[in-house]
Structures are given as C-alpha cells and as structure tokens.
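Asker: Provided herewith is a single structure, encoded as structure tokens, for subsequent inquiry.
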Amino acid sequence: MALVQFPKDFVWGAATAAYQIEGAHNEDGRGMSIWDTFSGTPGKVYNGDNGNIACDSYHRYEEDVELLKDLGVRAYRFSVAWPRIYPQGRGEINPKGLEFYHKFVDRLLANGIEPMCTLYHWDLPQALQDEGGWDNRATIDAYVDYAETMFRSFAGKIKKWITFNEPWCISILSNLLGEHAPGYRDFQLALNVGHHVLVAHGETVKRFRALGVEGEIGIAPNTEWFEPYSAKPEDAAACDRRNAYFNGWFIEPLFKGEYPAIASDWYKKAGFEPPVRNGDMETIRQPIDFLGINYYTGGVGRKGDDDPLGFEAVDVGFDKTDIGWNIYPQGLLNVLNWIRNEYGGIPIYITENGACYDDVKAEGGIRDAKRIDYIKKHLIQLNRAIESGVNVKGYMLWSLMDNFEWAWGYSKRFGLVHVDFRTLERTKKDSYYWYKKIAEVGWLEV
Ligand code: JJW
Numbered sequence: 063m064a065l066v067q068f069p070k071d072f073v074w075g076a077a078t079a080a081y082q083i084e085g086a087h088n089e090d091g092r093g094m095s096i097w098d099t100f101s102g103t104p105g106k107v108y109n110g111d112n113g114n115i116a117c118d119s120y121h122r123y124e125e126d127v128e129l130l131k132d133l134g135v136r137a138y139r140f141s142v143a144w145p146r147i148y149p150q151g152r153g154e155i156n157p158k159g160l161e162f163y164h165k166f167v168d169r170l171l172a173n174g175i176e177p178m179c180t181l182y183h184w185d186l187p188q189a190l191q192d193e194g195g196w197d198n199r200a201t202i203d204a205y206v207d208y209a210e211t212m213f214r215s216f217a218g219k220i221k222k223w224i225t226f227n228e229p230w231c232i233s234i235l236s237n238l239l240g241e242h243a244p245g246y247r248d249f250q251l252a253l254n255v256g257h258h259v260l261v262a263h264g265e266t267v268k269r270f271r272a273l274g275v276e277g278e279i280g281i282a283p284n285t286e287w288f289e290p291y292s293a294k295p296e297d298a299a300a301c302d303r304r305n306a307y308f309n310g311w312f313i314e315p316l317f318k319g320e321y322p323a324i325a326s327d328w329y330k331k332a333g334f335e336p337p338v339r340n341g342d343m344e345t346i347r348q349p350i351d352f353l354g355i356n357y358y359t360g361g362v363g364r365k366g367d368d369d370p371l372g373f374e375a376v377d378v379g380f381d382k383t384d385i386g387w388n389i390y391p392q393g394l395l396n397v398l399n400w401i402r403n404e405y406g407g408i409p410i411y412i413t414e415n416g417a418c419y420d421d422v423k424a425e426g427g428i429r430d431a432k433r434i435d436y437i438k439k440h441l442i443q444l445n446r447a448i449e450s451g452v453n454v455k456g457y458m459l460w461s462l463m464d465n466f467e468w469a470w471g472y473s474k475r476f477g478l479v480h481v482d483f484r485t486l487e488r489t490k491k492d493s494y495y496w497y498k499k500i501a502e503v504g505w506l507e508v
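In terms of the working numbering, the sequence shown has 190 at position 128, counting the first letter as 1, and numbering is strictly consecutive.
What follows is the structure, encoded as structure tokens:
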C-alpha cells in the first residue's frame, strides 16, 4: 500500500456549467442562446432533450451549495449564462440576471466556497449568432464588454475567472464536426471561430488588467493525448499532428503567440489558414495567471491515410467509460509534462476531469465504483505530475451532479450526485462520499 499525498494548499473542487444545470430557460428575462436553438432542432440532441429545466439549479441553488458544503470542497467552478446578463448579447443589461448570480455567489462565499467563474461555456446569445456569431469579429467586442460588466459587478467576490471553456469544442466540434451548436460543417469557419475566440480571450485579459481587477484570470482548453503505436517515425509524426491539432492549436498561441507549425503547415497545404490580423497574436499572448486543463481521454495512434491529418487512432484495448472514451490516465501526465516542457511553470488547475457511467442503483445507495476507480487513477497520475514539479494548484471534478450532457442529452451521467430528471431529486453516490474524504484529508491510498 502506498500513500499518494497532495500539497497542503491543494484546491479540491467540483465543476458544472450554466446551460447544463440551470434550467429556467425563459425566466427573469433570459435571452435565447445557440443551445436553445440547437436543442430545439430535431435530430441534434439525443432523445430531443434540452436544457429548459435541466437540474433546475436556477431555483435549487441553495440545495446545490449545501451539497458542495457537505462535500467539503474549497472551490466551485460554474459558468455564467451570457444571455441572462445581456439577453441580446450586448446593449441593455438584464438586472435580474446579475441578481441571480449575486445571490448564488453570496451563498457560496457564506459557506466558505471559492467561486471560479467561467464566462463562456458555450451558450452564445442567439442574437449574436444571427450576426455570424464567432465568425464575426463584432462578437469579440460584445464578449469583452460582457466580461467587463461581470468583472465590475463581482469585484471582490469572484477572484478566479476563466474566459473560455474548451476552444476546440467551440470551434472544431461545433463548426467542423457539426456535433454541437451552432452545428456547421466547415473547416474554414471552424478556424475563424477558433481564432476569434482566442483574440476575445486576449482582449479580455487586457481589459482585466486595465481595470485592475483583483484576482486571477485564465482559460480552460480541453486536451487529449495520443502516443504512437510503434517506434516508426511516421507514427510519432502522426501523433504529433494529432496532439498539435487538438491541444497545441489552442495552447501554443497563448504562450508563444504562434499557432503550432506542425498543424498550420498541414492546414495551409490543404488551403486553410486562420484569419490572423495585425496584432492578433500579440493580443492572444497576454500573460495569464493560470491555465485550466480539461482532460478526459486519449489513446494510441499511428499514420493513417483516410483522415485529413494523416492520423488514425488504434484501439489497443483500453477500458472505456459509458460514453465510449478510452480510460487513459497516463495521458493526463503526458499533457502536463508537455505543457511544462514547452511552456514553462504556469500555475495549472485541472478544470475538468471525471467519468461517465450509468447508475448502479442498489439498496441504500448508488454504487459507482467505476467512477471512483477512474478518478483515483487520474489523481495518481496528477500526483506524479506534481511530484515531478508541474505547478498544479487544484482539481475541479466534472461534475458535481448529473446534468445535460450536450448532444447526449440526459443519457450520460458524470455526477458525484445523482439527479432524477423527472423529480429533480438529488442523491449522493458512493463517489461523493469517496471524494469528500479526499477533499478532507488531501491524500489517497493505493
Ligand atoms: C469530443 C465527438 C466526431 C464536457 C467529442 C464530443 C466526435 C464525429 C464533456 N466538457 O460536459 C469531446 N465533454 O461541459 C465540458 N468534453 O467528439 C463540460 N469534451 O465526434 C462537459 C464531445 C467532447 C466533449 C464532451
């Protein structure tokens, strides 16, 4: 038996996002977002599910804070619905929207839980999408103004800010693969969106500094890691391209002010380039206070001919979670080592990691041993990174509770807390009690 010990001041937390939990889609002046539109379009979301009610956290936030309090976490990562603050994306502020988040944040603070606020977790106001969304540079200005409104309104209350959740999903998944809102399939559009999101991030960091906001600001890219199937150089090169396409594209510009050549050369050959204007890359390279890392999966890959990247994943028999993703804990260590080696000692928060498993309901509880096992294995790799000197400050487990899992609707559960989506009743799973102990003592036994 060995003890895996985390630093004394390590921040244990849990995460959610507005559209996935809040519900109250048409209350108190909230405007429409692209996810209302997308989930209202037949065939886009499993079972025709939508976030109209979700976990009803808009009304049940006191109960949710109680769950966090009892869980014993020091931080809660949540997101703000932009269309609650600016129903049309810009212009008139909706005071009821601000009021809701003030009541909620006050409640967190009163319970000793530090708010970590994501400004954009995919729910773009539909009014802005109607003008082209992130393809239109005017959306950058609207976003920075929304961010400033939040900084001013929550000065002294919220001290950790995340500009964007998962730029790869905002651009590629939503505009090339068509799986998420707004659901397009156009690579040039995806590159435009990704670039404008990064510029909006940089402009927001500039505004944050100019306003002298007390606190820290960062961004939360999602990462995956692929290692080569064989020692053949072409397999290594294929994985380098895959990692550059998924991870480097959205991380390298933050630190080096350049897109990774490994990917951009490839795209250029195919006739695609990001729409970089003078000064953009300098803007994107604004120093940030921390980097958020979301990590769930990865695997093994090699050179392949069918895919535009010249890459193919190889199934080498990894166990998978119920969402079909490989369980590859060492990929988390590889991502963290890569960041440290390439970009230095930036403080890092794991802003998402967690596991999708269906319930195992049993007498007296919900026996989600597989979720516990997944989290444990990732925490061990995280500990190896910390012991190796990677500057990891905290871990925000996805998710506090089962919620609307985007294109999968309510069919995929990531929560420490089970939610019955008919009655909205919350039930603590075994993993909740297990994580509570970790958050309390700061170590685990393996
Ligand atoms: C990849 C599907 C190809 C969320 C993906 C789909 C590929 C046709 C979980 N992270 O709910 C990644 N999540 O809101 C943010 N992360 O490709 C938070 N990444 O299809 C969680 C989905 C995801 C994905 C889902």
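Each residue gets a CB set at the ideal place from its N, CA and C atoms; glycine is no exception.
Would you check if the region 281-288 and the region 392-399 touch, i.e. whether three or more CB-CB distances between them fall below 8 angstroms?
Answerer: They touch, by the three-pair rule.
Asker: What is the DSSP secondary structure of ALA189, reduced to helix, strand or coil?
Answerer: helix
Asker: Helix, strand or coil for PHE317, going by three-state DSSP, please let me know.
Answerer: Note: PHE317 maps to helix in three-state DSSP.
Asker: Three-state secondary structure (DSSP) at LEU478?
Answerer: Here LEU478 sits in coil by DSSP.
Asker: With a CB to CB cut of under 8 angstroms and the five nearest residues on each side skipped, what residues in its chain are close to MET541?
Answerer: Residue 541 cannot be examined here, being either before or after the span of the chain that is shown, 63 to 508.
Asker: Using the beta-carbon count (16 or more within 10 Å), is THR485 buried or exposed?
Answerer: exposed
Asker: Within a Cβ cutoff of 8 angstroms, which residues of the same chain sit near ILE410, ignoring the five residues on either side of it in sequence?
Answerer: PHE352, LEU353, GLY354, ILE355, LEU398, ILE401, VAL452, ASN453, VAL454, LYS455
Asker: With a threshold of 16 other CB atoms inside 10 Å of the CB of VAL503, please say whether the residue is buried or exposed.
Answerer: exposed
Asker: So, using beta-carbon positions, are ASN415 and TYR357 closer together than 7 angstroms?
Answerer: Yes, these two residues count as a Cβ contact at 7 angstroms.
Asker: Alpha carbon to alpha carbon, what distance is there between TRP230 and LEU251?
Answerer: Annotation: LEU251 to TRP230 spans about 13 angstroms, alpha carbon to alpha carbon.
Asker: With distances taken Cα to Cα, identify the nearest neighbour of ALA200 among SER236, GLY360, PHE162, VAL255.
Answerer: VAL255
Asker: Between which two residues does the alpha helix (DSSP H) containing THR345 stretch?
Answerer: That run of the alpha helix (DSSP H) goes 342-346.
Asker: Just to confirm, does LEU478 get its C-beta within under 6 angstroms of one of the non-hydrogen atoms of the ligand JJW?
Answerer: no
Asker: Under 7 angstroms, do GLY360 and MET343 count as touching if we go by C-beta distance?
Answerer: no
Asker: Out of HIS263, GLU176, ASP368, which one is the CA nearest neighbour of HIS183?
Answerer: Nearest to HIS183 by C-alpha distance, out of HIS263, GLU176, ASP368, is HIS263.
Asker: Jot down the residue ranges of each uninterrupted alpha helix (DSSP H) in the region 178-248, minimum 4 residues, whole runs only, in chain order.
Answerer: Runs of the alpha helix (DSSP H) lying entirely within the region 178-248 and spanning at least 4 residues, in chain order: 188-191, 200-215.
Asker: Closer than 6 angstroms: is that where the CB of ALA375 sits relative to any heavy atom of the ligand JJW?
Answerer: Flag unset: Cβ of ALA375 not near the ligand JJW.
Asker: I want to check one thing, is the minimum distance from the CB of LEU537 to the heavy atoms of the ligand JJW below 6 angstroms?
Answerer: Past the edges of the chain, shown from 63 to 508, lies residue 537, and the structure says nothing about it.
Asker: Taking the continuous beta strand (DSSP E) assigned at ASN396, which residues delimit it?
Answerer: For ASN396, there is no enclosing beta strand (DSSP E); the residue is found in the alpha helix (DSSP H) stretching over 391-405.
Asker: Can the beta-carbon of ASP90 be found closer than 7 angstroms to that of LYS158?
Answerer: Contact: yes.
Asker: Does DSSP put GLU161 in a helix, a strand or coil?
Answerer: helix
Asker: Helix, strand or coil, according to DSSP, for ALA167 in the structure here?
Answerer: It is worth fixing the name first, because residue 167 is Val in this sequence and not Ala. Helix, per DSSP.
Asker: Which residue wins for smallest C-alpha separation from LYS106, given the options ARG488, TRP468, LYS490?
Answerer: The shortest C-alpha separation from LYS106 is found at TRP468.
Asker: Measure the CB-CB distance between VAL135 and ALA501 and report whether it falls below 7 angstroms.
Answerer: Their beta carbons are under 7 angstroms apart, which means VAL135 touches ALA501 by this criterion.
Asker: May I ask you to verify whether the region 119-139 touches the region 262-277, counting CB pairs closer than 8 angstroms and requiring at least 3?
Answerer: Output reads no: the region 262-277 does not touch the region 119-139.
Asker: Count the other C-beta atoms from every protein chain shown that fall within 10 angstroms of the C-beta of ARG92, then say buried if there are 16 or more, exposed otherwise.
Answerer: ARG92 sits buried, since 16 or more C-beta atoms from the chains shown fall within 10 Å of its C-beta.
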